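In the numbering used here, the protein residues as written are 3 to 80.
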């Protein structure tokens, strides 16, 4: 089972699109886009994604990707 990374379409429009594109190239994770993830305040404040159901933030798309990989290292699925 691969880690699941979920993006809100509004957050993609706010700048997370580049992070999604980077992560889609990684065959070790599943990336999913949703219309809304229900984290509207977090979405309005900056870039984020849900990683296995937990929110992970970043100031830039690159930082978001780095923080996602760091989260995955610190929280292995098995």
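Glycine included, C-beta positions come from ideal geometry on N, C-alpha and C.
Since this is a predicted model, take the numbers as computed values, not measurements.
Residue i burial status per 10 Å Cβ neighbour count (16 or more: buried)
i, result
"residue 37", "exposed"
"residue 80", "exposed"
"residue 51", "buried"
"residue 5", "buried"
"residue 1", "Residue 1 falls outside the range modelled here, since the chain spans only 3 to 80, and no answer is possible."
"residue 55", "exposed"
Proximity of residue i and residue j at Cβ, strictly below 8 Å
i, j, result
"residue 11", "residue 35", "yes"
"residue 49", "residue 21", "yes"
"residue 17", "residue 63", "yes"
"residue 45", "residue 77", "no"
"residue 53", "residue 7", "yes"
Three-state class that DSSP yields for residue i in the structure shown
i, result
"residue 10", "strand"
"residue 31", "coil"
According to DSSP, residues forming a beta bridge with residue i
i, result
"residue 56", "53"
"residue 73", "In the DSSP output, where bridge partners are listed per residue, residue 73 has none listed."
"residue 36", "10"
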